[in-house]
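Chemist: Residue numbers (the numbering used here), protein chains in the order written: chain R, 1 to 84; chain S, 1 to 234; chain U, 1 to 245. Cβ atoms here follow ideal geometry from the backbone N, Cα and C, with glycine treated the same way. Small disclaimer: the values here were computed from a predicted structure and weren't measured. One structure, as structure tokens, below. Some questions next.
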Amino acid sequence: MYFDSIAAVIDMNGHGLYVWLAYAITVTLLFWLLWAPLRQLRVRRLWVIAEGHRRAVSDEPQSESAHQRDEADKTFSDSSETQG
Amino acid sequence: MSASDQPSLSLGASFFRQFLRHGKALAASPADLLNPLLFFFMVVTLFPLGLGPDPERLSQMAPGILWVVALLASLMVSGKLFASDFEDGSLEQLCLAQHPLAILALAEVLAHWLGTGFLLALVSPVFALMVGLPIQALPVLVISLLLGSLCLTLIGAVGSALTVSIRRGGLLLSLIIIPLHVPVLIFGSTAVVEATRDGNAVSWLALLAALVLASLALAPLAIGAALRISLDNG
Amino acid sequence: MWSFIHKLGSPPWFFRFGGSLVRWLLPLTLILLLVGAFWGLLVAPPDFRQGNSYRIIYIHVPAAVVALAGYYVMALAGAISLIWRIKMADIAMKAAAPVGAVLTGIALVTGAIWGKPTWGTWWVWDARITSMLILFFLYLGVVALFEAYENKAAAAKACAVLSLVGTVNIPIIYKSVDWWYSLHQPASIKFTGESAIDASMLYPLLLMIVAFYGLFAVTVVMNMRAELIWHHRQSAWVRQWAGLD
Chain R
1 MYFDSIAAVI DMNGHGLYVW LAYAITVTLL FWLLWAPLRQ LRVRRLWVIA EGHRRAVSDE
61 PQSESAHQRD EADKTFSDSS ETQG
Chain S
1 MSASDQPSLS LGASFFRQFL RHGKALAASP ADLLNPLLFF FMVVTLFPLG LGPDPERLSQ
61 MAPGILWVVA LLASLMVSGK LFASDFEDGS LEQLCLAQHP LAILALAEVL AHWLGTGFLL
121 ALVSPVFALM VGLPIQALPV LVISLLLGSL CLTLIGAVGS ALTVSIRRGG LLLSLIIIPL
181 HVPVLIFGST AVVEATRDGN AVSWLALLAA LVLASLALAP LAIGAALRIS LDNG
Chain U
1 MWSFIHKLGS PPWFFRFGGS LVRWLLPLTL ILLLVGAFWG LLVAPPDFRQ GNSYRIIYIH
61 VPAAVVALAG YYVMALAGAI SLIWRIKMAD IAMKAAAPVG AVLTGIALVT GAIWGKPTWG
121 TWWVWDARIT SMLILFFLYL GVVALFEAYE NKAAAAKACA VLSLVGTVNI PIIYKSVDWW
181 YSLHQPASIK FTGESAIDAS MLYPLLLMIV AFYGLFAVTV VMNMRAELIW HHRQSAWVRQ
241 WAGLD
């Protein structure tokens, strides 16, 4: 261990601001890199589940309207992809 | 259609035909030939207005100014390279031709260069005098722009081929092409700087020439692939 | 061996394989990052010229190294997708581009912050930082080109061509910027000559480089998994994964 006190670690002989700023920005960006795909995966899983339920409900009455519903969902999903 | 009309057209002949076709289209619209020169003229005028009229400082910055403006002029016109071919469907015909798309596209790029970069390099001494480039550096400026603009046009053609199917692809074209132009700018402007100091300009021109050869060999392949991809997208 | 490569191209298999890869590689990478940062920030001795500000090297250099390697990885994936038309390579390329761009951004920002105590200004047109900036533009170009295409299959191919062109150019760019810098180098700013780095400073640096490579791999695989789910959202295995059926 090079430093002998917490205060010395924070100050780093006057360079503390630069060093800690650089590390803070890096940690933030790396955290975002890891968090973004996890969130995306969760959101998409919910979408797949919701889609499955919609399909199960609309399958019951008549197959004709269910088919139309499917088409509408496809266009919806395409537009949501460009937004997200 | 054209393939069945002239089944025995050799590679050289169809290369030449493609070259003439694009050259004639350029010659038919003098505005397309004059616009880059006018752009060059006007942007060069902006520099003394922005930097102040001090002749010494201007002549010190002249190599950089001239080269950056030449790069921008080339960037501005390279977006148009394949645009009309893409819109009127002749690009699809080119893809179906019996000869490699890369070679035929190269013919268009060369014709385009003759109408833009080549002319610009020939006229550049006039603008060089406006910003006070020392007279002894003029030959090197012209040679560096001749070589460099060919290289810029070839690289720009790759970008143009990649973005031709995208509406309003102009800004995107700059974004993907400018980083690739960096070595050309460095070699070209350094050659001119060396010439103003009576230094070793020849080795920088040789590097530029090497870049030209490398891009002549490789860029057509990328252009051909990119044009096919753009047709898939459009 | 061949069956393994063959399996890599199968979406459900890759999704499961990637999941188990992330499960052990992610904790390992995080531990390496923590150990490396602790070592570099608190244990290693200060540089005799730059004092403690040099400790930024432990994130700046790994980010720069992996960002450059990441471009080659992306271009390699692009080449595979162009030559063998493997869909998985498209997805890998699309997944790598934003990660590389962020890493390049980290290298640039930390370089600027490091420049302030070292050179007295936030930005100096130093050869390495200039090359990094151009690499950043190259990454942004690939990301922007992908977003601009409407047909995503064509977008992946266009990005593959662009990243291959970029790969041919990168050595030329680096070399030209190097020459450009050595010609114009102002005498007052003479930064890091080729001085040998002491082992007590080198080991944490190597550790951090390994950790950043691990991080790159983990994030790319995670992005690929998220992308695979969306591509195959209508297929049975995705519905099964989501807990339906």
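Look at the alpha carbon of S:LEU185 and the alpha carbon of S:SER144, and state the distance between them as a whole number of angstroms.
Modeler: In the second sequence, residue 185 of chain S corresponds to position 185, counting from 1. In the second sequence, residue 144 of chain S corresponds to position 144, counting from 1. Taking the straight line joining both Cα atoms gives about 10 Å.
Chemist: Compare the C-alpha of S:PHE39 against each of S:SER160, S:LEU114 and S:VAL69 and name the closest.
Modeler: Within the second sequence, residue 39 of chain S is the residue found at index 39, counting from 1. Nearest option by C-alpha distance: S:VAL69.
Chemist: The stretch 136–155 of chain U: which residues have C-beta closer than 7 Å to a C-beta of chain S, in chain order?
Modeler: PHE137, LEU138, LEU140, GLY141, ALA144, LEU145, ALA148, TYR149, GLU150, ASN151 and ALA154
Chemist: Quick check on the DSSP output: the alpha helix (DSSP H) that includes U:VAL177 runs from which residue to which?
Modeler: As a working note, residue 177 of chain U is residue 177 in the third sequence. 152–184 is the span of the alpha helix (DSSP H), which, as asked, contains U:VAL177.
Chemist: Ends of the alpha helix (DSSP H) at U:ARG128?
Modeler: Here residue 128 of chain U is taken as the residue at index 128 of the third sequence, counted from 1. 127–148 is the extent of the alpha helix (DSSP H) around U:ARG128.
Chemist: With a threshold of 8 Å between beta-carbons, can U:ALA242 be considered close to chain R, or not?
Modeler: As a position in the third sequence, residue 242 of chain U is number 242, starting the count at 1. Judged by the 8 Å Cβ criterion, U:ALA242 is in contact with chain R.
Chemist: Check U:GLY51 in the structure and name its three-state DSSP category.
Modeler: Translated into the one-based positions of the third sequence, residue 51 of chain U becomes position 51. U:GLY51 falls in the strand class under three-state DSSP.
Chemist: Are the C-beta of R:ILE49 and some C-beta of chain U separated by less than 8 Å?
Modeler: Against the first sequence, residue 49 of chain R aligns to sequence position 49. At least one chain U Cβ lies under 8 Å of R:ILE49.
Chemist: Look at U:THR254 and U:TYR71 and say whether their C-beta atoms are less than 8 Å apart.
Modeler: Nothing about residue 254 of chain U can be reported from this structure: the residues present for chain U run from 1 to 245 only.
Chemist: Rounded to a whole number of angstroms, what is the C-alpha to C-alpha distance between R:ILE49 and U:PHE17?
Modeler: If you number the first sequence from 1, residue 49 of chain R lands on position 49. If you number the third sequence from 1, residue 17 of chain U lands on position 17. Spanning the two alpha carbons is a distance of roughly 22 Å.
Chemist: What residues from chain R crowd round U:ASN169, counting only those whose CB sits closer than 8 Å?
Modeler: The sequence position of residue 169 of chain U within the third sequence is 169, counting from 1. Within 8 Å Cβ-Cβ: nothing; U:ASN169 doesn't reach chain R, min ~26 Å.
Chemist: So, is R:VAL43 buried or exposed, given that buried needs 16 or more other C-beta atoms within 10 angstroms?
Modeler: If you number the first sequence from 1, residue 43 of chain R lands on position 43. Exposed, since its Cβ has fewer than 16 Cβ neighbours within 10 Å.
Chemist: S:GLY224 by DSSP, collapsed to three states: which one?
Modeler: Here residue 224 of chain S corresponds to residue number 224 of the second sequence, with the count starting at 1. It is helical.
Chemist: For the alpha helix (DSSP H) holding S:PHE86, just list the boundary residues, first then last.
Modeler: Residue numbering aside, residue 86 of chain S sits at position 86 when the second sequence is read from its first letter. It spans 83–87 - the alpha helix (DSSP H) in which S:PHE86 sits, taken as one unbroken run.
Chemist: Here's the rule: buried if 16 or more other CB atoms are within 10 angstroms of the residue's CB, otherwise exposed. What is S:VAL182?
Modeler: Within the second sequence, residue 182 of chain S is the residue found at index 182, counting from 1. S:VAL182 comes out buried.
Chemist: To the nearest angstrom, how far is it from the Cα of S:ILE166 to the Cα of S:ALA206?
Modeler: Position 166 of the second sequence, counting from 1, holds the residue named residue 166 of chain S. Position 206 of the second sequence, counting from 1, holds the residue named residue 206 of chain S. Whole-angstrom Cα-Cα distance: 36 Å.
Chemist: For S:ASP232, go through chain U and note every residue whose CB falls closer than 8 Å to its CB, in chain order.
Modeler: Position 232 of the second sequence, counting from 1, holds the residue named residue 232 of chain S. Within 8 Å Cβ-Cβ: ASN151, ALA153, ALA154 and LYS157.
Chemist: List the endpoints of the continuous alpha helix (DSSP H) containing U:PRO62.
Modeler: As a first step, residue 62 of chain U must be located in the third sequence, where it is residue number 62. Per DSSP, U:PRO62 belongs to the alpha helix (DSSP H) from 57–84.
Chemist: Using 8 Å as the cut-off, can you tell me whether the stretch 74–82 of chain U makes contact with the stretch 158–172 of chain U, which would need three or more C-beta pairs spanning the two stretches below that distance?
Modeler: The stretch 74–82 of chain U vs the stretch 158–172 of chain U: in contact.
Chemist: Might you give, ordered along the chain, the residues of its own chain that have their beta carbon closer than 7 Å to the beta carbon of U:TYR158, omitting 5 neighbours on each side?
Modeler: By 1-based counting over the third sequence, the position of residue 158 of chain U is 158. For the record, residue 158 of chain U in the displayed sequence is Ala; it is not Tyr. LEU145 and TYR149.
Chemist: Out of curiosity, what's the CA-to-CA distance linking U:TRP39 and U:LYS94?
Modeler: As a working note, residue 39 of chain U is residue 39 in the third sequence. As a working note, residue 94 of chain U is residue 94 in the third sequence. About 34 Å.
Chemist: Does R:PHE3 come out as helix, strand or coil in the three-state DSSP assignment?
Modeler: In the first sequence, the residue the question calls residue 3 of chain R occupies position 3. Coil at R:PHE3, not helix or strand.
Chemist: Tell me which residues of the stretch 86–97 of chain U have at least one Cβ-Cβ distance to chain R shorter than 8 Å, keeping chain order.
Modeler: none
Chemist: Could you list the residues in the stretch 186–205 of chain S with a C-beta less than 7 Å from some C-beta on chain U, going in chain order?
Modeler: ILE186, PHE187 and THR190
Chemist: So with CB distances below 8 Å, who are the chain U contacts of S:ALA73?
Modeler: Stepping through the second sequence from its first residue, residue 73 of chain S is reached at position 73. None at all; the shortest Cβ gap to chain U is about 20 Å.
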